[in-house]
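Numbering (the working numbering), first residue to last: 26 to 578.
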């Protein structure tokens, strides 16, 4: 409907809305529509009407006529938040009427002076009184010090000489005002900080009341998320002023719990398992009670021995000498390592470097050997995996990825690899980064969070479904397949959101995991899962640390 006045005969439509205590409404001209409903909703959540008007005014483009109203019960007093104007007519009349003896002289009053002082004004007046008392005390102290100096440092020949004319006196005269000014500034700054924190707490409490109100709690999912996200944003601002405030921590937990419930997020407690100095861990392989991780910065593979419960280590991480840049395997120098994997048929832990050197080590005694693969057709290998003893190498191949399949002969890979995508059937994909095989089905992951599924070179249907609104995967760094009978799950890592997604092999959403202290996952790269025992354990590498989390039964 166009605003009134644009057409000779206006079209008027009536609507009915339910209002509660504290409900706010905006009336305005056509320029209100240019602001946007989301910005208006955020403005209406401000602490008072004046702040609402100020927020709407900031959002206006050229000009705007608007009226904001708030519904309150008639029995509750409501002080005006907008300064009330004072008529000049009464002032002029009072000037024109000459005072008489039988009439009292009327003195015009200032409504601003009669207005009760605000919280900030009261705090500032208290600070001024305190500073005044401090200045008086300092003046008395200085008077006593001057008398003592005159008494002890004045010679008999200079009894009539004023102490203030001496260098010490002149220095005191010059430096003392500076010291007083610095003290006043320090006290003012400390008082201002406390005042700002109190104001911030009031704003947090106001936003919490709005988020808890029935009008928000009974509204749609997006409004609830928006309200509590505004609360957490303000809580972060207050925590920057004063860390460790228990009331802020409690509000943060409440708001985070509401948001997690709406986004289907499960919070986990991450236990640091092991750390490697100056490392950036990007790959992780789990085999029994052995963890293997790749330090991408130093091109070094580490072995971590786990305890029986999998929640701790039995010794410090040990580097595998043959699996490092510059190392030696069967007389062949090791280059940068591409990926690590476990060969379940040969019971060997393996690593592949950029020159095609495949390093194989026994898991028990770490006896290692190396062999050079035929890599004439390679372009950009990014990931490896094993299936039925065959080695599969994912090659980014300039946007048309190819999978090279090596078949063993006498326990070694001496033959030229075959193309998985033959006859020009290679998909056109940018940013492939990981490869997994389950039941003969090949899964390829891209940076944008897409998963492509193939069997014998033919594409199969796959898609992520049933995700909460706004939580769909749009970026991925790695994936892990848990093919145990009790799990049958695909885990996808999103470092940007510091989130680990769990889906079925067909892509249906099951759960998403984040940790309590999300800063630990700023460099989240890869995960591995142990679901063979009664409880599932999730291992993750982020930065230079390996973490373990319990997923429950």
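Ideal Cβ placement from N, Cα and C applies to all residues, glycine included.
Out of the options, state which residue places its alpha-carbon closest to the alpha-carbon of residue i.
i	options	result
residue 536	380, 292, 70	292
residue 544	485, 522, 531, 230	522
residue 54	88, 160, 77, 62	88
residue 470	481, 483, 488	488
residue 233	402, 375, 277	277
residue 254	284, 272, 228	284
residue 330	161, 314, 345	314
residue 366	418, 343, 155, 547	418
residue 529	387, 506, 518, 549	506
residue 321	551, 208, 441	551
residue 501	162, 327, 160, 456	456
residue 48	93, 39, 79	93
residue 532	538, 539, 514	514
residue 46	357, 485, 280, 238	238
Are the CB atoms of residue i and residue j nearer to each other than 8 Å?
i	j	result
residue 410	residue 461	yes
residue 301	residue 361	no
residue 561	residue 572	no
residue 459	residue 504	yes
residue 541	residue 294	yes
residue 439	residue 420	no
residue 426	residue 394	no
residue 263	residue 296	no
residue 453	residue 474	no
residue 441	residue 399	yes
residue 298	residue 338	yes
On the DSSP letters alone, give me the boundaries of the beta strand (DSSP E) that residue i sits inside.
i	result
residue 344	343-349
residue 297	296-300
residue 377	373-378
residue 316	315-320
residue 574	570-577
residue 500	Neither: residue 500 is in no beta strand (DSSP E) and is coded neither H nor E.
residue 56	Neither: residue 56 is in no beta strand (DSSP E) and is coded neither H nor E.
residue 439	Where residue 439 is concerned, there is no enclosing beta strand (DSSP E), given that its DSSP letter is neither H nor E.
residue 330	325-330
residue 395	393-397
residue 536	534-540
residue 426	Looking at the DSSP string, residue 426 is not in any beta strand (DSSP E), and its letter there is neither H nor E.
residue 411	406-412
residue 307	306-312
residue 382	382-387
residue 369	Where residue 369 is concerned, there is no enclosing beta strand (DSSP E), given that its DSSP letter is neither H nor E.
Report the rounded CA-to-CA distance for residue i versus residue j, giving the unit in angstroms.
i	j	result
residue 184	residue 171	Reliability of the predicted coordinates at residue 184 is poor, the pLDDT of 47 falling under 50, and no value is obtained from them.
residue 568	residue 306	6 Å
residue 391	residue 434	22 Å
residue 235	residue 241	7 Å
residue 464	residue 304	35 Å
residue 494	residue 287	9 Å
residue 91	residue 44	20 Å
residue 351	residue 371	26 Å
residue 422	residue 316	30 Å
residue 290	residue 260	21 Å
residue 130	residue 95	The pLDDT assigned to residue 130 is 39, lower than 50, so where the model puts this residue is not dependable, and the model offers no usable value.
residue 525	residue 516	7 Å
residue 266	residue 221	8 Å
residue 72	residue 364	54 Å
residue 478	residue 520	23 Å
residue 563	residue 448	40 Å
residue 132	residue 66	Caution applies to residue 132, whose pLDDT of 39 falls short of 50 and renders its modelled position unreliable; the value that the coordinates give is listed next. So the two alpha carbons sit approximately 45 Å from each other.
residue 245	residue 63	14 Å
residue 482	residue 430	12 Å
residue 355	residue 444	28 Å
residue 59	residue 81	11 Å
residue 258	residue 547	19 Å
residue 327	residue 406	22 Å
residue 359	residue 574	34 Å
residue 310	residue 374	9 Å
residue 20	residue 386	Here the chain comprises residues numbered 26 to 578, so residue 20 is not present and cannot be evaluated.
residue 353	residue 382	10 Å
residue 318	residue 384	15 Å
residue 518	residue 159	60 Å
residue 428	residue 570	31 Å
Going by DSSP, what residue range makes up the alpha helix (DSSP H) through residue i?
i	result
residue 69	62-69
residue 280	271-288
residue 78	74-84
residue 246	246-266
residue 239	239-242
Is any beta-carbon of chain B found at less than 8 Å from that of residue i?
i	result
residue 411	Going by chain labels, chain B is absent from the structure shown, which holds only one protein chain.
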